[in-house]
Amino acid sequence: MLTVSGDRAGSPMYMQLYAQLKEEILSHQRPPRSKLPSRRTLAAQLGVSLSTVNGAYEQLLAEGYIAARPRSGYYVCAIDTLQVAEKPPALCPEPEPEQKPCAIDFHPGRIDEEKFPFSVWQRLVRAAASDPMLLRRTPPQGDYGLRQAVADYLFSARGVRCAPEQMVIGAGADALLGMLSYLLDNDYALGVENPVYNKAYRLFARTGHPVVPVQTDKSGIPVEQLPPAGKIVLYTTPSHQYPLGYRMPMSRRVELLNWSCAARDRYIIEDDYDSEFRYSGKPLPSLQSADKNGRVIYMGTFSRVLAPSVRIAYMVLPQPLLERYRRTYDCFSTGVSTLEQLTLRSFLQQGFFTRHVNRMRVVYGQKHKTLTEALSACGQLTPIGEPAGTQVTVRVRNGMDEAELVRRAAEAGVAVYPISPYFIGPMDGRFRGKILLGFGALSDGQITRGVGLLRQAWGL
């Protein structure tokens with residue numbers, strides 16, 4: 025029996041009436057195509073106002089539970105009984121953290137948060153929030169002013185030659201790699217360094233591209249190990265190979281560029297990872313700056329320099345791929361919010377980004393020196409790779425394998441990280457006894473204390 029409560033503190037009376045009628049319709053207490061009482065009749069029966077009944081009927085009508093017939097009234101719509109699974113699917117639990125919190129965490133992906141220019145960034149965010157551009161649709165390739173500012177910076181800092189029209193702004197390097205994997209036909213194989221930034225090859229593999237791992241040496245990918253024929257795009261990190269930390273010399277770069285133009289349908293993805301942070305000598309120009317044939321796809325990100333939460337990356341496409349991109353993606357929207365793009369544009373145009381990079385190069389350079397000196401004080405700990413980036417791969421000469429090194433460090437309250445996850449397939453025996461130490465988020469005192477604890481935990 026229909027009833028409504030006069031309790032004004034609860035839901036409105038028209039919603040109470042709507043809920044009861046809806047339940048009767050779904051339970052087939054009111055059969056399909058049966059007629060409902062007229063609005064005046066139902067109002068009189070329940071002792072409520074006509075507006076209460078009108079509100080309930082209008083809501084039922086809007087949601088498709090009833091239909092109105094001119095000069096006849098309201099009728100129940102035919103609605104199938106909703107089937108309910110016998111057992112609802114179990115919720116997928118959130119994954120546990122890779123490692124429990126430790127007193128000292130040598131995480132390779134963290135930054136010195138205290139040095140972030142919060143006051144400047146906040147002021148630029150406020151200014152961007154008042155920019156009329158905030159209310160307009162951003163082009164699929166990203167804000168043009170931001171692309172121009174990035175292009176200017178890349179030319180002065182890395183020798184990259186590109187126009188803003190060649191650049192695509194994306195929500196992190198992962199998003200751009202995923203976009204690129206769809207842009208290239210599936211008969212393009214992906215040649216990758218082994219070990220490698222593992223998300224790169226996984227993204228391509230999931231979209232149907234064959235993956236060809238190539239064992240790196242201290243100079244990078246040996247050209248003679250690349251497939252001799254077929255469509256192939258080569259992923260490489262020449263400025264600072266991850267996770268081994270080597271730098272590709274100019275001789276190997278020229279070999280790769282010559283390989284890329286020796287046949288059609290060959291491209292090189294240059295991930296200019298950690299190029300901003302070098303602590304000895306002058307950095308080599310980018311691979312793209314030496315490319316005369318339009319075969320290098322240049323990629324970089326602001327996540328490493330500013331903060332991991334700043335999900336803005338960029339990709340410079342050669343002309344043939346740019347035309348394909350526009351045919352494929354021009355109907356889509358950019359994945360980066362306009363507010364973030366406008367803020368970063370001002371951060372670059374007003375010189376704050378260059379000053380921040382220069383400051384952090386000094387900060388991280390001192391931390392790198394502290395870490396390498398602490399490691400070198402023990403003859404059984406040897407840092408490998410170039411003095412660059414915010415992490416160091418360390419060779420530990422005590423006979424322990426990677427798993428034992430990580431476990432004993434954790435027992436001593438120190439988190440260190442394995443390099444085996446970066447290998448495609450089994451890890452080469454040459455890399456046994458190597459672990460990864462990130463220092464970006466640690467103070468000099470924490471670095472020194474952490475290495476001391478590691479020496480005790482590893483019996484050095």
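With this note's numbering applied, the sequence shown corresponds to residues 25 to 484, in that order.
Just so it is clear, CB atoms sit at the ideal spot from N, CA and C, and this is done for glycine as well.
Just so it is clear, the structure is predicted and the values come from calculations on it, not from any experiment.
Please state if the CB of residue 165 and the CB of residue 192 are separated by a distance shorter than 8 Å. Your numbering for residue 192 matches position 168 in the sequence shown. Your numbering for residue 165 matches position 141 in the sequence shown. For residue 192 and residue 165, yes; Cβs fall inside 8 Å.
Label residue 90 either buried or exposed according to how many other C-beta atoms from any shown protein chain fall within 10 Å of its C-beta, with 16 as the threshold for buried. Taking the first residue of the sequence shown as position 1, residue 90 is located at position 66. Residue 90 should be labelled buried.
Determine, using beta-carbon pairs with one atom in the segment 297-309 and one in the segment 410-426, whether at least three such pairs fall under 8 Å. yes
Quick one: any contact between the segment 437-448 and the segment 354-373, if contact means 3 or more CB pairs under 8 Å? no
Between the beta-carbon of residue 128 and the beta-carbon of residue 477, is there less than 8 Å? As a working note, residue 128 is residue 104 in the sequence shown. As a working note, residue 477 is residue 453 in the sequence shown. For residue 128 and residue 477, yes; Cβs fall inside 8 Å.
Short check: CB of residue 72 to CB of residue 37, under 8 Å? Counted from its first residue, the sequence shown places residue 72 at position 48. Counted from its first residue, the sequence shown places residue 37 at position 13. Cβ atoms of residue 72 and residue 37: closer than 8 Å.
What does the Cβ neighbour count give for residue 487, buried or exposed, with the cut at 16 atoms within 10 Å? Only positions 25 to 484 of the chain appear in the structure, and residue 487 is not among them; the question remains open.
Assuming residue 228 contacts residue 235 under a Cβ cut-off of 8 Å, what Cβ separation, rounded to an integer in Å, is found between them? For this step, residue 228 is matched to residue 204 along the sequence shown. For this step, residue 235 is matched to residue 211 along the sequence shown. About 6 Å; that satisfies the 8 Å criterion.
Can you tell which of 426, 206 and 151 has the C-alpha that lies nearest to the C-alpha of residue 352? For the purposes of this step, residue 352 is identified with residue 328 of the sequence shown, where counting begins at 1. Closest option to residue 352, Cα to Cα, is 206.
What are the boundary residues of the alpha helix (DSSP H) that includes residue 353? The count along the sequence shown starts at 1 and reaches residue 353 at position 329. It spans 343-353 - the alpha helix (DSSP H) in which residue 353 sits, taken as one unbroken run.
With 16 as the cutoff for other CB atoms within 10 Å, does residue 211 come out buried or exposed? By 1-based counting over the sequence shown, the position of residue 211 is 187. Classification of residue 211: exposed, given that the 10 Å Cβ count is below 16.
Integer Cβ distance of residue 259 from residue 320, believed to fall under 8 Å: For the purposes of this step, residue 259 is taken as the residue at position 235 of the sequence shown. For the purposes of this step, residue 320 is taken as the residue at position 296 of the sequence shown. Contact flag wrong, Cβ pair sits at about 12 Å.
Whole angstroms are fine: how far does the CA of residue 136 sit from the CA of residue 466? Indexing the sequence shown from 1 puts residue 466 at position 442. Indexing the sequence shown from 1 puts residue 136 at position 112. Spanning the two alpha carbons is a distance of roughly 7 Å.
If we ignore side chains and look at the alpha-carbon of each, how far apart do residue 337 and residue 463 end up? Within the sequence shown, residue 337 is the residue found at index 313, counting from 1. Within the sequence shown, residue 463 is the residue found at index 439, counting from 1. One C-alpha to the other measures close to 23 Å.
At which residues does the beta strand (DSSP E) containing residue 462 begin and terminate? In the sequence shown, counting from the first residue as 1, residue 462 sits at position 438. It spans 458-462 - the beta strand (DSSP E) in which residue 462 sits, taken as one unbroken run.
Take residue 58 and list the residues in its own chain whose beta-carbon comes closer than 8 Å to its own, dropping the five residues that flank it on each side. Start at 1 with the first residue of the sequence shown, and residue 58 comes out as number 34. Cβ within range, chain order: 99 and 100.
Do residue 481 and residue 24 have their beta-carbon atoms positioned less than 8 Å apart in this structure? The question about residue 24 has no answer here: the residues shown for the chain are numbered 25 through 484.
C-alpha distance - residue 183 paired with residue 362, whole-angstrom precision: Taking the sequence shown and counting its residues from 1, the one referred to as residue 183 is at position 159. Taking the sequence shown and counting its residues from 1, the one referred to as residue 362 is at position 338. Going from the Cα of residue 183 to the Cα of residue 362 covers about 27 Å.
Sorted by chain position, which residues of the same chain lie with C-beta nearer than 7 Å to residue 168's C-beta, five sequence neighbours on each side aside? In the sequence shown, counting from the first residue as 1, residue 168 sits at position 144. Result list for residue 168: 188, in chain order.
Which of helix, strand or coil DSSP assigns to residue 78: Within the sequence shown, the letter at position 54 stands for residue 78. Correct three-state label for residue 78: helix.
Whole-number beta carbon distance between residue 294 and residue 312, since they are thought to touch under 8 Å: Here residue 312 refers to the residue found at position 288 when the sequence shown is read from its first residue. Here residue 294 refers to the residue found at position 270 when the sequence shown is read from its first residue. Residue 312 to residue 294, Cβ: 6 Å. Contact.
Per DSSP, the bridge partner or partners of residue 184: Numbered from 1 along the sequence shown, position 160 holds the residue referred to as residue 184. DSSP, once it has assigned bridges, lists no residue as partnering residue 184.
Let me check understanding here. Comparing Cα to Cα, which of 287, 350, 105 and 177 lies closest to residue 252? Translated into the one-based positions of the sequence shown, residue 252 becomes position 228. Among 287, 350, 105 and 177, the Cα nearest to that of residue 252 belongs to 287.
If you check the beta carbons only, do residue 310 and residue 298 fall under 8 Å apart? Along the sequence shown, read from residue 1 onward, the residue named residue 310 stands at position 286. Along the sequence shown, read from residue 1 onward, the residue named residue 298 stands at position 274. No, these two residues do not count as a Cβ contact at 8 Å.
Can the beta-carbon of residue 325 be found less than 8 Å from the beta-carbon of residue 196? Taking the sequence shown and counting its residues from 1, one reaches residue 325 at position 301. Taking the sequence shown and counting its residues from 1, one reaches residue 196 at position 172. The answer is yes: Cβ separation under 8 Å.
With 16 other CB atoms within 10 Å as the buried threshold, where does residue 380 fall? Indexing the sequence shown from 1 puts residue 380 at position 356. Residue 380 is buried by the Cβ-count criterion.
Indicate the three-state DSSP secondary structure (helix, strand or coil) for residue 424 in the structure shown. As a working note, residue 424 is residue 400 in the sequence shown. The answer is coil: DSSP assigns residue 424 none of H, G, I, E or B.
Smallest Cα separation from residue 231: which of 216, 239, 249 and 208? The count along the sequence shown starts at 1 and reaches residue 231 at position 207. Per the Cα distances, 208.
Identify the residues that DSSP records as bridge partners of residue 415: which are they? In the sequence shown, residue 415 corresponds to position 391, counting from 1. 462, per the DSSP bridge assignment.
Ignore the nearest five residues each way along the sequence and tell me which others in residue 153's own chain have a CB closer than 7 Å to its CB. In the sequence shown, counting from the first residue as 1, residue 153 sits at position 129. The residues are 363.
Between which residues of its own chain and residue 54 is the CB-CB distance below 8 Å, once the five residues before and five after are set aside? Here residue 54 refers to the residue found at position 30 of the sequence shown. 45, 48, 60 and 100, listed in sequence order.
Give a yes or no on whether the C-beta atoms belonging to residue 243 and residue 273 are separated by under 8 Å. As a working note, residue 243 is residue 219 in the sequence shown. As a working note, residue 273 is residue 249 in the sequence shown. Yes, the Cβ-Cβ distance between residue 243 and residue 273 is below 8 Å.
Please confirm whether residue 484 and residue 339 have their CB atoms less than 8 Å apart. As a position in the sequence shown, residue 484 is number 460, starting the count at 1. As a position in the sequence shown, residue 339 is number 315, starting the count at 1. For residue 484 and residue 339, no; Cβs fall outside 8 Å.
Using only alpha-carbon positions, find the residue among 343, 341, 371 and 334 that is nearest to residue 360. Working through the sequence shown from its first residue, we reach residue 360 at position 336. Comparing Cα-Cα distances from residue 360 to each of 343, 341, 371 and 334, the minimum goes to 334.
Length of the line joining the Cα atoms of residue 421 and residue 471: Translated into positions along the sequence shown, residue 421 becomes position 397. Translated into positions along the sequence shown, residue 471 becomes position 447. If you take the alpha carbons of residue 421 and residue 471, they lie about 20 Å apart.
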